[in-house]
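Chains as they are written, first to last, in numbering that gives the first Met the number 0: chain A, 0 to 310; chain B, 0 to 253.
Backbone N, C-alpha and C fix where the C-beta goes; we use that ideal spot for every residue, glycine too.
Before any comments, here is the structure.
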Amino acid sequence: MIEFREVSKRFGAPGRPGKPAVEALAGVSLEIPAGGVWGVVGPNGAGKSTLFALLLGFIHATTGSVRVRGLEPRRYARRHGAAYLPERFRLPGEWRVRTALRALARLEGIARGAAARRADELIERLGLASHADREVRTLSRGLNQRLGLAQALLAERELVVLDEPTEGLDPLWRVRFRAIVSELRDAGRTVLIASHDLAEVERLASRVVLLERGRVRSILDTAAEAAAGGVTPYRLELAAPVPELTEVFPEAEAIEGDVGTAYRVAAADATELSRRLAALLEAGAVVVSVQPLHEPLEARVRRELSAEADT
Amino acid sequence: MSALALAALALRARRRRVLALLAFAAVFLAAALTARLLVSRGEGGQIEMDRLFIVGGYPLVSALLLLGWVLGRYPLIATLVMLAGVISHDRAEGYARVYGVRPTSPHRIYAARAALFAAVAFAVSAVLMPVFDLIMLGTWAGPATFVLILAYVIVYGGLVTLLSVWTRGDAWIALLLALLALVWDALRRADALMIPPGVRDLVTFVLPPQAAFFALEGAFGALQPIPWDAFAYVVGYGLVLWALAGLSLVRREV
């Protein structure tokens, strides 16, 4: 659905005094199929927002091409529209929440009556009912972010682009936000989320694009990696060591730095894991806990970035 | 009209500017009323300047003459105030991106907005100028007033909109060009420009059409027939600016 082909974006003219040219993206090639949630992560200045700006046709690539459903992005947005929450979302402070949402719904091509109903629905859904007649400038950061989400969801768009969507949201609304994203994913939308909150991205996205200094450092695909290995690693904690452990889990190894009786074990699926655990229990072991063990996104990103720094 | 709903909201965001314009207009009317109260009208129904001189001397007469001169430029001021940042403000604040992902052309959005702002500038001017004339002169210039206002709104509305596609200093640059055109035209008419005729003609052609405005103002001030050829030139110049603004918007990054 989305195709970046050798895309570079340079800001500023080279040789201009006082304003050195900045290469925000360099040779980015990326294909994103329709449906699913993709995360875009990277340090500040990595090019996340530039990537989104190119994807939505706000800016033009210096070299290379971007296509969405085969169309130039600006043309795609004009024809099909996109749901978009910008980083640090803002609307003119004098506008009132309800009237602003209604006017934006009209821009979506929704008829007047339906626009009013849709705006009211989202006001309810995003918990803005008691603030609907307030001016935007009086909203707190969290409320403003919820307004940003509401405006992004006014129309049902195939492409959903959210830049730092959980910034300013309290824990309760982060949970609700996850539910919204799940709904979008289940409805077959293509959702792109850029965030510094790696734990949040990990919860939501099935694939994660790691950008660094304008380049795609890697595409982390946890589902595919687990499938490729054929086994899922687990952390198994026992009350006390038992000699039968290595018979039941031949590949078991103690986890360094963990409690002394925690082991990394592996099983192809839940059935095999249960069978092996049953054997272990029969041998007299006392199991304290079993948890799927995978490397958190944060650790993987840190590892990738430090590997880059080392080279 | 989805774009019109947004334009109405944008006008709401500029309500302070509208109030400032109304307050500025009120200053003119208050000055005219004061002059009217200070001196009785002459036979033609207008306020007699020599009587005003007796009351307040040179300062009062000069102040009123200056006020009259500025009043002739009120449509220009109103247009600059209303349209300043008509597009550039959205780019700078990031609102353009919020609108840009929706299937409504930015041309429709900004055409509706610029038209609404220009209409407000026209309306405020179209009330102020005849009322001022009625108080001061006991009569008004008739349709020539509206033609003059329309000329300013078309040319400077187009100029500010075109500049607004590219820079935040849109209204200031337009004001600078207006002043430059004023001085240039005065020098040209006085035959005081010591430059080759080709350059002189080119600069005159590129700058806002002050000669045409001068003709329109002359008709307005002297209660003469409207010079339609000057108006047609002004409209043509303004339409080119609006068209250039539209073309620029197609490729402009937001």
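Where B/R129 falls: helix, strand or coil (DSSP): Within the second sequence, numbered from 1, the residue matching residue 129 of chain B stands at position 130. Residue identity differs from the one stated: residue 129 of chain B is Pro in this sequence, not Arg. B/P129 falls in the helix class under three-state DSSP.
A/A114, DSSP secondary structure in three states: The residue labelled residue 114 of chain A in the question sits at position 115 within the first sequence. Of the three classes helix, strand and coil, the one that applies to A/A114 here is helix, per DSSP.
Secondary structure, beta strand (DSSP E): runs of 3+ residues fully inside the region 4-84 of chain A: 21-31, 35-40, 62-67, 82-84
8 Å Cβ cutoff met for B/G168 and B/A117: Within the second sequence, residue 168 of chain B is the residue found at index 169, counting from 1. Within the second sequence, residue 117 of chain B is the residue found at index 118, counting from 1. No, Cβ-Cβ distance for B/G168 and B/A117 is not below 8 Å.
Assigned exposure category for A/K18 - 16 Cβ within 10 Å defines buried: By one-based count along the first sequence, residue 18 of chain A stands at place 19. Under this definition A/K18 is an exposed residue.
Paired residues, beta bridge with A/E208 - DSSP: Mapped onto the first sequence, residue 208 of chain A falls at position 209. It is Val, not Glu, that sits at residue 208 of chain A in the sequence shown. According to DSSP, A/V208 bridges with A/V39, A/I218.
Which listed residue (A/R4, A/G213, A/Y83) has its alpha carbon closest to that of A/G63: Here residue 63 of chain A is taken as the residue at index 64 of the first sequence, counted from 1. The candidate whose alpha carbon is nearest that of A/G63 is A/R4.
Cβ-Cβ separation, B/V233 to B/A150 (assumed contact under 8 Å), whole Å: On the second sequence, position 151 is the one that residue 150 of chain B refers to. On the second sequence, position 234 is the one that residue 233 of chain B refers to. Yes, they are in contact, since the Cβ atoms of B/A150 and B/V233 sit about 4 Å apart, within 8 Å.
Sub-8 Å separation of A/I122 and A/A149 beta-carbons: In the first sequence, the residue the question calls residue 122 of chain A occupies position 123. In the first sequence, the residue the question calls residue 149 of chain A occupies position 150. Yes, the Cβ-Cβ distance between A/I122 and A/A149 is below 8 Å.
Minimum length 4: unbroken alpha helix (DSSP H) runs contained in the region 126-211 of chain A: 140-151, 170-185, 197-203
N-terminal and C-terminal residue of the beta strand (DSSP E) that A/R263 is part of: As a position in the first sequence, residue 263 of chain A is number 264, starting the count at 1. A/R263 -> beta strand (DSSP E) spans 261-266.
Beta-carbon spacing of B/G99, A/A76 below 8 Å: Here residue 99 of chain B corresponds to residue number 100 of the second sequence, with the count starting at 1. Here residue 76 of chain A corresponds to residue number 77 of the first sequence, with the count starting at 1. Yes.
One or two residues paired with B/P195 in a DSSP bridge: Residue numbering aside, residue 195 of chain B sits at position 196 when the second sequence is read from its first letter. None, per the DSSP bridge assignment.
Residues of the region 103-134 of chain B with Cβ closer than 8 Å to any Cβ of chain A, in chain order: Within the region 103-134 of chain B, contact with chain A at the beta-carbon level (separation under 8 Å) is assigned to T103, S104, I108.
Among A/L100, A/A82, A/G112, A/G259, the one whose alpha carbon lies nearest that of A/R156: Translated into positions along the first sequence, residue 156 of chain A becomes position 157. Answer by Cα proximity: A/A82.
Nearest-angstrom Cβ-Cβ length linking A/L279 and A/L304, presumed shorter than 8 Å: Start at 1 with the first residue of the first sequence, and residue 279 of chain A comes out as number 280. Start at 1 with the first residue of the first sequence, and residue 304 of chain A comes out as number 305. Wrong, their Cβ atoms sit about 38 Å apart, outside the cutoff.
Close-in-space but distant-in-sequence residues of the same chain around A/P72 (CB under 8 Å, 5 per side omitted): Position 73 of the first sequence, counted from the first residue, corresponds to residue 72 of chain A. If we look at A/P72 and ignore the five residues flanking it on each side, its Cβ neighbours are L53, L54, L55, G56, V65, R66.
DSSP three-state assignment for A/S288, whether helix, strand or coil: The sequence position of residue 288 of chain A within the first sequence is 289, counting from 1. In the structure shown, A/S288 sits in a strand (DSSP, three-state: E or B).
Neighbour flag for B/R96 against chain A, beta carbons, 8 Å: If you number the second sequence from 1, residue 96 of chain B lands on position 97. Yes, B/R96 lies at the interface with chain A (some Cβ there is under 8 Å from its Cβ).
CB contact check: A/F57 to chain B, cutoff 8 Å: Residue numbering aside, residue 57 of chain A sits at position 58 when the first sequence is read from its first letter. So yes, A/F57 belongs to the interface.
Rounded C-alpha distance that separates B/I46 from B/A231: The residue given as residue 46 of chain B occupies position 47 in the second sequence. The residue given as residue 231 of chain B occupies position 232 in the second sequence. About 34 Å.
For A/A253, three-class secondary structure by DSSP: In the first sequence, counting from the first residue as 1, residue 253 of chain A sits at position 254. Note: A/A253 maps to strand in three-state DSSP.
Close beta carbons around B/A2, own chain, < 7 Å, minus the five adjacent residues each side: In the second sequence, the residue the question calls residue 2 of chain B occupies position 3. Within the same chain, B/A2 has close Cβ partners T103, R107, I108, A111.
Residues in the region 107-134 of chain A having any Cβ partner in chain B nearer than 9 Å: E107, G108, I109, R111, A114
8 Å Cβ cutoff, A/P91 in contact with chain B: As a working mapping, residue 91 of chain A is identified with position 92 in the first sequence. Closer than 8 Å to some Cβ of chain B, the Cβ of A/P91 qualifies, so yes.
Cβ-Cβ distance between A/A104 and A/L142 below 8 Å: As a first step, residue 104 of chain A is located in the first sequence; it is residue number 105 there, counting from the start. As a first step, residue 142 of chain A is located in the first sequence; it is residue number 143 there, counting from the start. It is not a contact, given that the beta carbons lie outside the stated cut-off.
Any C-beta of chain A under 8 Å from that of B/V80: In the second sequence, the residue the question calls residue 80 of chain B occupies position 81. Contact of B/V80 with chain A is not assigned, every C-beta pair being separated by 8 Å or more.
Cβ pair count under 8 Å reaching 3, the region 1-15 of chain B against the region 89-97 of chain A: yes
A/F248 burial status per 10 Å Cβ neighbour count (16 or more: buried): What you label residue 248 of chain A is simply residue 249 of the first sequence in a count that begins at 1. The residue is buried, with at least 16 neighbouring Cβ atoms inside 10 Å.
Cβ pair count under 8 Å reaching 3, the region 123-134 of chain B against the region 199-206 of chain B: no
Residue of B/G67, B/L70, B/L82 minimising C-alpha distance to B/R13: Mapped onto the second sequence, residue 13 of chain B falls at position 14. Cα-wise, what sits closest to B/R13 is B/L82.
Close Cβ partners of A/L197 (< 8 Å) along its chain, the five nearest in sequence each way excluded: Here residue 197 of chain A refers to the residue found at position 198 when the first sequence is read from its first residue. Only V40, P295, L296, E297, V300 meet the Cβ criterion.
Chain-ordered neighbours of B/L5 on chain A, where CB pairs are closer than 8 Å: If you number the second sequence from 1, residue 5 of chain B lands on position 6. Result: A102, L103, R105, L106.
Reference A/G11, options A/D169, A/T61, A/T137, closest by Cα: Here the question's residue 11 of chain A lines up with position 12 in the first sequence. For A/G11, the nearest C-alpha among the options comes from A/T61.
Burial state of B/A95, where buried means 16 or more other Cβ atoms lie within 10 Å: Position 96 of the second sequence, counting from 1, holds the residue named residue 95 of chain B. Per the 10 Å Cβ criterion, buried.
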